[in-house]
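Chains U and X are the protein sequences, given in the same order.
Just add 26 to the spot in the first sequence (first one is 1) and you have the working numbering.
Just add 28 to the spot in the second sequence (first one is 1) and you have the working numbering.
Built from N, CA and C at the ideal position, the CB exists for glycine as well.
Some notes on the structure that comes next.
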Amino acid sequence: MTRSTSTLNSIVLTVALRNLLGHLRRTLLTVGAIAVGLAALIFLWGFNEGLHRNMLGNFQNAIIGAVQIHHQGFFQHPELSRAIRNPERIVTGLEKAGVARYSRRLETFGLAVSDTTTQGVMLIGMDPTQEQLVTELAKRIGIGRFLQPGDDYKLILGATTANNLQAKLGDEVIIIGYDRYGAMVAESFTLAGIITSGEMGLDSGMAITSLSTLQEMVDLPEQVTTFVINVEEKRIPSLVDELDHALRGESLEIMPWYSMFPVMKEWIILHNGFLYLFIGVVIFIVLAGELNTMLLSMLERTREFGVLMAIGTSRRQVAMMMLAEAVLIGIIGIASGILLGYVIILVTAEIGIDLSILLGSTSRFYVDPLIYPHLKLDHLGLTIGAILLASILAGIYPAWRASLLQPAEAVRNG
Amino acid sequence: MPDQTPTSIIKARDLHKCYWVGTMPFPALHGINLDIEPGEFTVLAGRSGSGKSTLLNLIGALESADNGSVEVLGENILAMGRDQRTRFRLQNIGFVFQAYNLIRVFSARENVAYVCQLQGKGRKKSMEIADHWLHEVEIGHLGYRRPDQLSGGQQQRVAVARALASEPKIILADEPTANLDSMTGRRLIHLMQDLNRRLGTTFLISSHDPDVKQAAGRLIKLADGQIVDAWDNIPKPPIAPASACPVENLPLTKRLRNYLREARKKALNKRGHKMNEDQH
Ligand SMILES: Nc1ncnc2c1ncn2[C@@H]1O[C@H](COP(=O)(O)OP(=O)(O)OP(=O)(O)O)[C@@H](O)[C@H]1O
Ligand SMILES: [Mg+2]
Numbered sequence: 027m028t029r030s031t032s033t034l035n036s037i038v039l040t041v042a043l044r045n046l047l048g049h050l051r052r053t054l055l056t057v058g059a060i061a062v063g064l065a066a067l068i069f070l071w072g073f074n075e076g077l078h079r080n081m082l083g084n085f086q087n088a089i090i091g092a093v094q095i096h097h098q099g100f101f102q103h104p105e106l107s108r109a110i111r112n113p114e115r116i117v118t119g120l121e122k123a124g125v126a127r128y129s130r131r132l133e134t135f136g137l138a139v140s141d142t143t144t145q146g147v148m149l150i151g152m153d154p155t156q157e158q159l160v161t162e163l164a165k166r167i168g169i170g171r172f173l174q175p176g177d178d179y180k181l182i183l184g185a186t187t188a189n190n191l192q193a194k195l196g197d198e199v200i201i202i203g204y205d206r207y208g209a210m211v212a213e214s215f216t217l218a219g220i221i222t223s224g225e226m227g228l229d230s231g232m233a234i235t236s237l238s239t240l241q242e243m244v245d246l247p248e249q250v251t252t253f254v255i256n257v258e259e260k261r262i263p264s265l266v267d268e269l270d271h272a273l274r275g276e277s278l279e280i281m282p283w284y285s286m287f288p289v290m291k292e293w294i295i296l297h298n299g300f301l302y303l304f305i306g307v308v309i310f311i312v313l314a315g316e317l318n319t320m321l322l323s324m325l326e327r328t329r330e331f332g333v334l335m336a337i338g339t340s341r342r343q344v345a346m347m348m349l350a351e352a353v354l355i356g357i358i359g360i361a362s363g364i365l366l367g368y369v370i371i372l373v374t375a376e377i378g379i380d381l382s383i384l385l386g387s388t389s390r391f392y393v394d395p396l397i398y399p400h401l402k403l404d405h406l407g408l409t410i411g412a413i414l415l416a417s418i419l420a421g422i423y424p425a426w427r428a429s430l431l432q433p434a435e436a437v438r439n440g
Numbered sequence: 029m030p031d032q033t034p035t036s037i038i039k040a041r042d043l044h045k046c047y048w049v050g051t052m053p054f055p056a057l058h059g060i061n062l063d064i065e066p067g068e069f070t071v072l073a074g075r076s077g078s079g080k081s082t083l084l085n086l087i088g089a090l091e092s093a094d095n096g097s098v099e100v101l102g103e104n105i106l107a108m109g110r111d112q113r114t115r116f117r118l119q120n121i122g123f124v125f126q127a128y129n130l131i132r133v134f135s136a137r138e139n140v141a142y143v144c145q146l147q148g149k150g151r152k153k154s155m156e157i158a159d160h161w162l163h164e165v166e167i168g169h170l171g172y173r174r175p176d177q178l179s180g181g182q183q184q185r186v187a188v189a190r191a192l193a194s195e196p197k198i199i200l201a202d203e204p205t206a207n208l209d210s211m212t213g214r215r216l217i218h219l220m221q222d223l224n225r226r227l228g229t230t231f232l233i234s235s236h237d238p239d240v241k242q243a244a245g246r247l248i249k250l251a252d253g254q255i256v257d258a259w260d261n262i263p264k265p266p267i268a269p270a271s272a273c274p275v276e277n278l279p280l281t282k283r284l285r286n287y288l289r290e291a292r293k294k295a296l297n298k299r300g301h302k303m304n305e306d307q308h
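Encoded structure:
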């Protein structure tokens with residue numbers, strides 16, 4: 027029984043395969059359509075993923091990092107009264123969690139004053155050495171330089187703010203703030219660097235100085251308001267869990283980037299949503315195209331199926347012939363599509379896709395003009411699965427129709 | 029039945045068959061009684077539309093009858109389900125049709141080997157069997173050609189080889205020479221006759237080709253769905269053939285069927301009156 031079953035399966039497969047080869051042009055067209063559709067989807071997934079990674083990466087390492095830790099409520103109301111109580115416990119917690127790349131900051135509101143005007147700014151005190159581990163702010167200094175260890179009362183401003191204040195490199199800028207008792211304090215700073223990133227969020231509204239300077243100015247020695255952590259994207263959820271657990275009772279808020287800026291996450295989900303829509307369209311085209319081929323194949327073989335049934339081919343076998351044909355087309359199409367798509371991804375990931383025609387030569391919305399596609403396996407699996415399903419569906423209807431043929435009628439009418 | 033022949037390989041009793049086109053009945057066979065002995069070489073003759081194909085299809089378990097019974101090799105094939113019939117055909121009956129017998133994308137030997145593989149034989153064994161039968165039908169050298177590289181006569185020989193390859197007791201051939209020129213047709217018939225003599229396989233062939241009729245060991249004449257002794261002596265059936273068509277076979281709901289039954293009865297009554305008047 028097993029032996030005869032396997033022979034039967036092989037004859038069914040042979041008929042299907044021969045029929046595909048016997049109509050080579052039609053087969054190649056259908057296979058080609060599937061392959062091109064799949065390759066296009068693979069490329070789009072890769073491009074999308076590359077774009078998202080690039081954007082997220084740039085967004086995080088511009089200033090906010092992957093995860094931030096503050097005292098409860100600080101993110102909504104950044105006041106000095108909400109400084110972190112026990113920074114040492116956080117340091118211990120981070121070390122235990124294996125996090126080496128983090129930096130401490132002191133953040134408060136202030137006013138930048140020049141001869142002609144004043145500007146509200148977010149005053150950020152940074153440790154110049156630690157900061158390099160977490161963000162790439164130093165790379166975005168277009169004029170002057172970033173903070174260095176030992177810098178006292180040096181200031182970094184965004185290009186827009188500097189422009190509004192009409193402050194040039196080396197100029198004196200007065201910063202007015204409130205110390206921890208709520209008393210007004212004012213200090214004079216020397217402008218050491220200007221951020222020219224092209225991003226609105228970076229180029230305006232920020233004034234950066236060294237952590238020790240700001241601590242001195244607001245009279246909070248050794249105090250910080252913020253820990254900024256740099257970890258890989260997929261480590262974020264587990265790290266947040268671990269820290270939550272380890273730092274329970276400290277009344278801290280441990281916020282991944284997507285809790286601080288949910289719009290960014292939503293934008294990515296929406297962007298992927300368009301791709302799902304696109305998959306749907308491609309699947310529909312594959313389904314319609316292959317169904318057309320299979321119905322054609324079925325109709326022109328009605329007489330042949332009639333004869334095959336007359337001489338002892340079962341309904342199930344005839345149905346399997348059609349189904350095997352459809353699935354074979356699907357598999358060959360998918361295999362060539364993967365190959366084609368993979369080559370496209372490899373090449374574009376090597377040389378990058380230049381968007382400077384669209385975006386200009388500097389980055390916009392944290393997207394670099396050069397995108398390197400990246401293919402995620404779950405995206406690939408999903409797409410392949412959907413196309414395979416479509417090609418099975420495209421075979422089921424003709425297979426069912428073929429199995430319903432009455433041999434006498436089929437032979438007579440063809 | 030007293031006239032029962034226990035040795036018959038094919039035994040048909042009171043066979044009736046109608047086709048339906050929409051709600052119109054087309055009577056094809058009515059009241060066929062037929063016995064065929066093992067090893068006979070029988071030709072079924074009759075005009076176009078006389079019911080030859082229908083009778084062969086019923087004997088070959090390709091279709092169901094409305095009434096009557098067919099026993100082939102002692103088995104009541106009309107009582108079988110579809111899949112059971114398929115298996116029965118595979119083991120016991122070889123078919124040769126008028127044309128388009130072969131799988132286009134298979135070579136001659138693959139076409140012949142196909143039935144052996146269906147029967148569960150391995151590919152190599154099946155190919156050996158195929159070569160043997162292609163040799164028997166005198167085209168052993170053309171085994172690697174595809175149907176479109178063969179002449180009509182050669183294609184029919186491949187079909188005969190395939191019919192024989194499953195080692196059936198019976199071969200049913202529906203107008204196997206109809207698409208061939210008379211010379212080629214005659215040679216095909218002589219080939220089948222020769223195989224019948226040497227192998228003892230029972231052949232039942234339908235044809236209106238005089239050459240074929242001449243070769244017949246036994247000639248059965250079919251006219252208007254009945255077996256006749258002579259072409260000019262067609263018996264008048266006891267009831268009009270159309271009215272014998274059972275409405276039950278229409279693929280309709282019960283209510284609609286009953287409605288049609290009544291409507292048709294009325295119509296037939298009217299027509300019956302008219303026909304009687306015409307004859308008087
Ligand atoms: N599928 C069908 N639908 C309707 N009527 C049919 C169908 N098949 C056969 N018939 C009718 O049944 C009768 C017998 O047909 P059949 O095909 O058996 O004749 P035949 O002797 O084989 O004719 P031919 O020599 O033309 O092949 C004819 O009147 C035919 O019109
Ligand atoms: Mg016929």
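Beta-carbon spacing of residue 252 of chain X, residue 214 of chain X below 7 Å: no
State the start and end residues of the unbroken alpha helix (DSSP H) segment that holds residue 144 of chain X. 136-146
Just to confirm before moving on: does the CB-CB distance between residue 202 of chain X and residue 126 of chain X stay below 7 Å? yes
How would you list, in chain order, the residues of chain X whose beta-carbon sits under 8 Å from the beta-carbon of residue 433 of chain U? Near residue 433 of chain U (Cβ distances below 8 Å), the residues of chain X are 90.
Interface partners of residue 183 of chain X on chain U, CB under 9 Å: Near residue 183 of chain X there are no residues of chain U at all, since even the closest Cβ is about 12 Å away, more than 9 Å.
DSSP three-state label for residue 48 of chain X, please. strand
Any idea if residue 377 of chain U is buried or exposed, counting beta-carbon neighbours within 10 angstroms, 16 or more meaning buried? exposed
How many angstroms separate the CA atom of residue 53 of chain X from the CA atom of residue 44 of chain X? 13 Å
Of the residues U:275, U:405, U:166, which one's Cα is nearest the Cα of residue 112 of chain U? The residue with the shortest Cα to Cα distance from residue 112 of chain U is U:275.
On the criterion of 16 or more Cβ atoms from any shown chain inside 10 Å, does residue 242 of chain X qualify as buried, or is it exposed? exposed
Listed in chain order, which residues are found with a beta carbon closer than 7 Å to a heavy atom of ligand 2? In chain order, the hits are X:80, X:81, X:202, X:203, X:234.
Reducing DSSP to helix, strand and coil, say where residue 97 of chain X ends up. strand
Nearest CA to the CA of residue 186 of chain U: which residue from U:221, U:152, U:167, U:403? U:221
Do residue 226 of chain U and residue 184 of chain U have their C-beta atoms within less than 7 Å of each other? no
Suppose you measure from the CA of residue 419 of chain U to the CA of residue 39 of chain U; what does that come to, to the nearest Å? 18 Å
Step through the CB atoms of chain X and report whether any lies within less than 7 Å of the CB of residue 37 of chain U. yes
List, in chain order, every chain U residue whose beta-carbon is nearer than 9 Å to that of residue 75 of chain X. Here the premise fails: no neighbours, minimum Cβ distance about 17 Å.
Taking Cβ to Cβ, would you say residue 44 of chain U is nearer than 7 Å to residue 133 of chain X? yes
Would you call residue 149 of chain X buried or exposed, if buried means 16 or more other Cβ atoms sit within 10 Å of its Cβ? buried
Between residue 280 of chain U and residue 397 of chain U, which are expected to be in contact by the criterion C-beta below 8 Å, what is the C-beta distance as a whole number of angstroms? Wrong, their Cβ atoms sit about 31 Å apart, outside the cutoff.
Between which two residues does the alpha helix (DSSP H) holding residue 172 of chain X run? Element bounds for residue 172 of chain X: n/a, residue is neither H nor E.
How far does the beta strand (DSSP E) with residue 249 of chain X in it reach, from first residue to last? Segment 246-251, the beta strand (DSSP E) holding residue 249 of chain X.
Taking only runs that begin and end inside the segment 260-314 of chain U, name each unbroken beta strand (DSSP E) of 3 or more residues, in chain order. 278-282
Distance cut-off 6 Å: residue 47 of chain X Cβ against heavy atoms of ligand 1: yes
Rounded to whole angstroms, what is the Cα-Cα separation between residue 163 of chain U and residue 364 of chain U? Counting only the Cα atoms, residue 364 of chain U lies some 39 Å from residue 163 of chain U.
So which of U:77, U:237, U:48, U:373 has the shortest CA-CA distance to residue 392 of chain U? U:77
How would you label residue 436 of chain U, buried or exposed, when you count the other beta carbons within 10 angstroms and need 16 or more for buried? buried
Assuming contact is defined by CB atoms lying nearer than 7 Å, are residue 337 of chain U and residue 123 of chain X in contact in what I supplied? yes
Residue span of the beta strand (DSSP E) that contains residue 180 of chain X, given as start and end: DSSP places residue 180 of chain X outside any beta strand (DSSP E); the residue lies instead in the alpha helix (DSSP H), whose first and last residues are 180-193.
Which chain U residues sit within Cβ distance under 8 Å of residue 57 of chain X? Neighbours of residue 57 of chain X on chain U: none; closest Cβ ~13 Å, over 8 Å.
Do we get a CB-CB distance below 7 Å when we pair residue 429 of chain U with the residues of chain X? no
Minimum C-alpha distance to residue 328 of chain U - residue among U:141, U:424, U:108, U:248: U:424
Buried versus exposed, by CB contacts within 10 Å (16 or more), residue 129 of chain U: buried
Using DSSP with H/G/I as helix, E/B as strand and the rest coil, what is residue 186 of chain U? helix
Contact test: residue 73 of chain X Cβ vs ligand 1 heavy atom, cutoff 6 Å: no
How big is the Cα-Cα spacing for residue 61 of chain X and residue 56 of chain U? 53 Å
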